[in-house]
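In what follows, a single structure is set out as C-alpha cells and then discussed.
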Amino acid sequence: MDDFFRPEVRAFFRHWQEVIIAAGLAVFGIWWALTGVGITQWLGVIFIVLGAGWAVAALQRARFAQDGDGAGVVQIRERRLAYFGPLDGGVMDVGDLSKLELDPTSHPDPSWILTGIDGHVLSIPINAAGAEGLFDVFAALPDIKTNTVLDVLSHTPDARVTVWSRVKPLLH
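Quick note, the sequence shown lines up with residues 411 to 582 if you use this note's numbering.
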C-alpha cells in the first residue's frame, strides 16, 4: 500500500495529518448538528467547537514544523529541553529561558538561539529531528505571540531576530 501514493503525497499528508483529522471532527460535528435530534445536535455543536479549536492549533504546529533532516536531535522532557548535535549541544530548563532568537545566518541551517538567565546559549537548527516539539515550549512562554514566531519563521530575515525576551522586573 505504500507504493500507491508518491513519496511527496505521503509527506504532504503526514505534515498536515493533524489538521485534516481536526477538520474531519468539525465536519462530523456539523453533520450531527444538522441531522441529529435532541442531545445529538448538542454533541454536534460541541464537536464543531472542539474540531475548530484543534484545527487552529494544529495549523500553527504544521506551519512551525520543518522537514526534520537537520543536524542533531531535540528532546523535551518535563520542562527541560536537550539538544544533541554533531558538534555541540546542551540542556536547558524552560523556566530558565530569558531570550529566544532566530539566526538565519547560522550554518548550515537557520537556528533557534535560546539564551538562559545565566547567559548559557543553546543553538538548535530549525529542522533538527524533534524540533517540532519546540512550538509547544515556545507557546508556553509568558507574553509570547505565536503568530510572530510563525511569521519570522516563514519570512526568513537577513539577520538575527529576537522573537521573545523575558521582561526583567525593575527594582526601585
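All C-beta atoms in this analysis are idealised placements derived from N, C-alpha and C, irrespective of residue type, glycine included.
Count Cβ pairs between the stretch 434-442 and the stretch 456-474 that sit closer than 8 Å; are there 3 or more?
Yes: the two stretches touch, three or more of their Cβ pairs being nearer than 8 Å.
For K509, which residues does DSSP report across the bridge?
For the purposes of this step, residue 509 is taken as residue 99 along the sequence shown, with counting starting at 1. K509 is bridged by DSSP to T525 and S575.
Pull up the distance between the alpha-carbon of G529 and that of A468, whole angstroms please.
Taking the first residue of the sequence shown as position 1, residue 529 is located at position 119. Taking the first residue of the sequence shown as position 1, residue 468 is located at position 58. The alpha-carbon atoms of G529 and A468 are separated by roughly 33 Å.
By Cβ distance below 7 Å, which residues in the same chain neighbour D519 in space, the five residues on each side in sequence not counted?
Within the sequence shown, numbered from 1, the residue matching residue 519 stands at position 109. The residues are G480, P535, I536 and N537.
Inter-residue Cα distance where the pair is D477 and V455
Here residue 477 corresponds to residue number 67 of the sequence shown, with the count starting at 1. Here residue 455 corresponds to residue number 45 of the sequence shown, with the count starting at 1. Here the alpha carbon of D477 sits roughly 35 Å from the alpha carbon of V455.
Here's a check: name, in chain order, each residue in its chain whose Cβ is nearer than 8 Å to the Cβ of W426, leaving out the five neighbours to either side.
Against the sequence shown, residue 426 aligns to sequence position 16. Closer than 8 Å at Cβ, skipping near neighbours: A472.
Restricting to runs no shorter than 4 residues, where is the alpha helix (DSSP H) found entirely within the stretch 437-523?
Taken in chain order, the whole alpha helix (DSSP H) runs of length 4 or more contained in the stretch 437-523 are 449-474.
Start and end residues, beta strand (DSSP E) containing P535
For this step, residue 535 is matched to residue 125 along the sequence shown. DSSP places P535 in the uninterrupted beta strand (DSSP E) bounded by V531 to P535.
With DSSP collapsed to three states, give me the class of A539.
Numbered from its first residue, the sequence shown carries residue 539 at position 129. Three-state DSSP puts A539 in a strand.
Going along the chain, which residues of its own chain have a beta-carbon closer than 6 Å to the beta-carbon of G632, five neighbours each way excluded?
Limits of the chain in this structure are 411 at one end and 582 at the other, which puts residue 632 out of reach.
If L512 and W522 are in contact, beta carbons under 8 Å, what's the gap, nearest whole angstrom?
Numbered from its first residue, the sequence shown carries residue 512 at position 102. Numbered from its first residue, the sequence shown carries residue 522 at position 112. At roughly 6 Å, the Cβ-Cβ gap stays under 8 Å, so L512 and W522 are in contact.
Best match in A465, D413 and L444 for proximity to V429 [C-alpha to C-alpha]:
By one-based count along the sequence shown, residue 429 stands at place 19. Checking every option, the nearest Cα to that of V429 belongs to A465.
Pop quiz: L551 and W574 are said to be a contact at Cβ under 8 Å. What is the actual Cβ separation, rounded to whole angstroms?
Taking the sequence shown and counting its residues from 1, one reaches residue 551 at position 141. Taking the sequence shown and counting its residues from 1, one reaches residue 574 at position 164. Indeed they touch by this definition, with Cβ atoms about 6 Å apart.
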